Amino acid sequence: MAPTDESGQAAQHASPLGTTPPTRPPADGGPSARMPRWLPRAMVLALALIAVFQLGSWAFHQLIGLLTNILIAFFLALAIEPAVSKMAARGMRRGLATFFVFFGVLIVTAGFVTLLGSMLAGQIIKIVEDFPDYLDSVIAWINGHFHTELKRVDVQEGLLRSDWLRNYVQNSATGVLDVSAQVLGGLFQLLTIGLFSFYFAADGPRLRRAICSVLPPARQAEVLRAWEIAVDKTGGYLYSRGLMALVSGVAHFVLLQALDVPYAPVLAVWVGLVSQFIPTIGTYLAGALPMLIAFTVDPWYALWVLIFVVIYQQFENYVLQPKLTSKTVDIHPAVAFGSVIAGTALLGAVGALIAIPAVATLQAFLGAYVKRYDVTDDPRVHGHRKRGEGPSPVTRARALWERRRSGTSGGGDGSS
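Under this note's numbering, think of the first position of the sequence shown as 4, with each following residue one higher.
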């Protein structure tokens, strides 16, 4: 019986040895395709990293206030480190020495605030008592120039019955709670900074030992050197600021005393401290209060104070500050200005206050690892020609004059 076509095709595909032929590999995406074993682990790891990053970002934003306070406390501890170390070297316990330093700073600050508060209270009372006279003079000037018949009683009644005053009183009453909360928050922040700075200063050696204990000996020497540089630069910065505050206070005291402005000593101390230790807006705050009190004496005195503040500020920025900063902090004025701007952008007023000592510390620390070479004698580097090299300006001017004379005489001969 002849084989059918199907049996013939099966015989042709059969193996000559009787074995079954190999099966074809499954197509891509078929039911037998499997997920790589590393893919689930990678996805879990990526999700875990994202969760940790989000948690860390949230925690950082929640703790940024505390971290800023700790940073301020650290720089305050560096500032009082020399005084505490000197007292501890004479046999006094470090904690007691830190307490005495803090107590002295607290006494000076409390005395200054008390004097300033009594001065402001006296001036406010004086302004309130003299307000009717000021109002009468203003009403008389308006009636004389605009031919009106205003009276002080009508003006006072109009102010008392106005909607603006009623709304202002309501807003002020609701804002008292906000102001009280801000005052309490500020006091708590000052207490936090004081406690941390006290611990940093009192336990400075213990803190340095704790940091160095987790580092190899070579790194320990670098950390201790960086710490010492930070103490020197921070102290130098505060010294320069204190010296500029003293000069500014003396200069403004002379002006205010010459103008017979009341509370001249307290106002001079106010101008010196606020203008030097409050960045960016300190100059304007320092000059506003003397101008206001001088205005109560004579309006022209306020103008004289404004002119003096502007002129002295230019003298301080371009003459006094560069010299003192270069001697105590050893930082270029342009670098100091840029560091203040960068610190303000990062941390606001706190960053502006600690920017200069931080940059000076970093510059001095990195300067030890930068290899320097002798600079070539080139006018493009030194900015001037060395004495004895090349013709002098007089010689060059004389040669130029001779060339012009010879050119003029030559032209005249040719024309004749």
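No residue lacks a Cβ here, since even glycine has one placed at the ideal position from N, Cα and C. Bear in mind the structure is a predicted one, so any value in this text is a computation, not a measurement.
### Task
State the Cα-Cα distance for the pair Tyr376 and Leu369, rounded to the nearest angstrom.
16 Å
#### Entry: Proximity to Gly245 [Cα-Cα], best of Ala261, Ile281 and Asp301
Ile281
### Task
Determine the DSSP secondary structure at Pro34, reduced to helix, strand or coil.
Here Pro34 scores only 48 on pLDDT, less than 50, and its place in the model is too uncertain to base an answer on.
### Task
Say whether the region 106 to 117 touches the region 249 to 263, bearing in mind that this needs 3 or more beta-carbon pairs closer than 8 Å, one atom from each stretch.
no
### Task
Would you identify the three-state DSSP class for Glu319, choosing helix, strand or coil?
helix
### Message
Mapping the DSSP letters down to three states, classify Thr151 as helix, strand or coil.
### Response
coil
### Task
With a cut-off of 8 Å on the beta carbons, I'd call Ala271 and Gly252 a contact; round off their distance for me.
4 Å
### Query
Expressed to the nearest angstrom, what Euclidean distance is found between the alpha-carbon atoms of Val274 and Val312?
10 Å
### Cutoff 6 Å; reference Gln279; Cβ partners in own chain excluding five residues on either side
Arg244, Met247 and Ala248
#### Entry: Residue burial classification, Val193 (beta-carbon count within 10 angstroms, cutoff 16)
Just to set this straight, residue 193 is Leu in the shown sequence, not Val. Answer is exposed; the Cβ neighbour count stays below 16.
### Query
Closest by CA to Tyr242, which one among Ile73, Ala86, Leu403 and Arg37?
Ala86
### Query
Below 8 Å between beta carbons: does that hold for Tyr315 and Leu262?
no
### Spatially closest choice to Leu70 from Glu231, Leu350 and Ala358, by CA coordinates
Leu350
### Query
Val343 and Ala355: beta carbons closer than 8 Å?
yes
### Query
Can you find at least 3 beta carbon pairs, one from the region 110 to 123 and one from the region 229 to 243, that sit closer than 8 Å?
no
### Task
Please say whether Thr101 and Phe199 have beta carbons closer to each other than 8 Å?
no
### Message
Pop quiz: Ile232 and Ala82 are said to be a contact at Cβ under 8 Å. What is the actual Cβ separation, rounded to whole angstroms?
### Response
So it is not a contact: roughly 14 Å between Cβ atoms.
### Query
If you count every other CB in all the chains shown that lies within 10 Å of the CB of Leu79, and 16 or more means buried, which is it?
buried
### Query
Is DSSP giving Arg408 helix, strand or coil here?
helix
### Task
In the DSSP assignment, find the alpha helix (DSSP H) that holds Arg244 and state where it starts and stops.
Pro220 to Ala261
### Length of the line joining the Cα atoms of Ile53 and Leu66
20 Å
### Task
Would you tell me roughly how many angstroms separate the C-alpha atoms of Ala402 and Tyr321, rounded to the nearest one?
39 Å
### Query
What's the call for Pro360, buried or exposed, on a 16-neighbour Cβ count within 10 Å?
buried
### Message
Which of the three DSSP states is assigned to Pro43 in this structure?
### Response
helix
### Task
Please look up how many angstroms separate the CB atoms of Val269 and Ala297, rounded, as I've assumed it's under 8 Å.
So it is not a contact: roughly 14 Å between Cβ atoms.
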